[in-house]
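**Q**
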Amino acid sequence: MADTSEPRRPTARELTALNNAEREGMPFLHWYDGAGEQSILMLTPERTRVTIGRREQSDIPLPWDSEVSRAHALLEPIGDEWTLIDDGMSRNGSWVSGDRVHGRRRLHNKDRMCFGKTWVVYRAPTHGSVSTARQPGSPSGVPVTEMQRKVLIALCRPVVQSSSATPATNPQIAAEVFLSVDAVKAHLRNLFERFGIAALPQNEKRSRLVSIVRSSGTIQPHDF
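Quick note on this note's numbering: the sequence shown kicks off at 160 and runs consecutively.
1) Using 10 angstroms around the beta-carbon of F274, count the other beta-carbons present and answer buried if the total reaches 16, otherwise exposed.
2) Please state whether DSSP places S299 in a helix, a strand or coil.
3) Please look up how many angstroms separate the CB atoms of I211 and L233, rounded, as I've assumed it's under 8 Å.
4) Suppose contacts are defined by Cβ-Cβ distances below 7 Å. Is E235 in contact with R208 by that definition?
5) Decide if L174 is buried, meaning its Cβ has at least 16 other Cβ atoms within 10 Å, or exposed.
6) Beta strand (DSSP E) containing S198: first to last residue?
7) With burial defined as no fewer than 16 other Cβ atoms inside 10 Å of the residue's Cβ, what is the status of L368: buried or exposed?
8) P317 by DSSP, collapsed to three states: which one?
9) Under 6 Å: does the beta carbon of D258 sit that close to some heavy atom of the ligand SAM?
10) When the distance is taken between beta carbons, is P330 closer than 7 Å to V318?
11) If you measure between the beta carbons of D270 and S256, is that distance less than 7 Å?
12) Taking Cβ positions, are V279 and W190 nearer each other than 7 Å?
13) Counting C-beta neighbours from all protein chains within 10 Å, is the total for N251 16 or more, i.e. buried, or is it exposed?
14) Find out if the Cβ-Cβ distance for the pair S253, V260 is shorter than 7 Å.
15) So the beta strand (DSSP E) A232 belongs to, where does it begin and stop?
16) Please identify the residue among R353, L338, K276 whose C-alpha is closest to the C-alpha of G238.
17) Pick from H231, R263, P284: whose alpha carbon is nearest that of N104?
18) Quick one: is D382 buried, meaning 16 or more other Cβ sit within 10 Å of its Cβ, or exposed?
This is how it looks when you write it as structure tokens:
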């Protein structure tokens with residue numbers, strides 16, 4: 160049976176850390192460790208699996224919780240969404256918002272997972288903030304989050320200001336949109352995929368992306 164007690168409210172310092180994680184514009188997990196300290200794990204595009212269990216080498220190690228199995232559960236992405244998997248691998252089961260998981264369960268923003276007596280909260284700040292950008296030749300358009308749109312504006316800014324300039328570098332974009340360089344790289348990789356240019360040579364992707372979003376009307380002159 161899952162522990163139904165509520166996780167404690169975050170302190171001001173912890174709330175600031177959560178707000179900073181949300182600004183990265185990608186899903187993340189947060190929980191409290193055995194000492195009561197908040198932990199945050201960003202679910203970057205490079206992650207193909209997150210392991211949860213008592214083993215120290217788990218991505219989310221919960222060695223202090225005796226009700227958690229050594230290999231308790233998994234999180235895996237399907238497209239842009241994450242799912243919790245527990246197909247009988249844990250002794251006491253995995254729970255999401257009070258319901259026991261049998262097999263696979265898709266996660267939604269602010270879902271609270273319970274493993275043993277430990278709460279792990281899933282956050283997906285980009286969900287629900289998607290606008291539509293039109294790709295040339297694509298009547299359905301390309302979905303772009305608000306943060307990705309800000310990254311695109313920062314990427315294009317030098318070219319808009321001077322036709323002889325090159326697209327902004329990752330550090331320049333990071334400084335403008337208040338993200339880490341790694342987060343900018345993750346957003347750009349996602350944008351390259353969405354606009355169908357991921358297969359281009361690395362030195363061509365940025366210029367091609369600038370050309371696409373400017374000609375398609377994704378980015379307008381008033382954005383600058």
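Cβ atoms here follow ideal geometry from the backbone N, Cα and C, with glycine treated the same way.
**A** So, from the listed chains and residues:
1) buried
2) Residue placement at S299 is poorly supported in this model, since its pLDDT is 36, which falls under 50; the coordinates are not used for a value here.
3) 7 Å
4) yes
5) exposed
6) 197-201
7) buried
8) helix
9) With respect to the ligand SAM, the structure shown offers nothing to examine, as it has no ligands at all.
10) no
11) yes
12) yes
13) buried
14) yes
15) 232-237
16) R353
17) Absent from the structure is residue 104, since the part of the chain shown begins at 160 and ends at 383.
18) exposed
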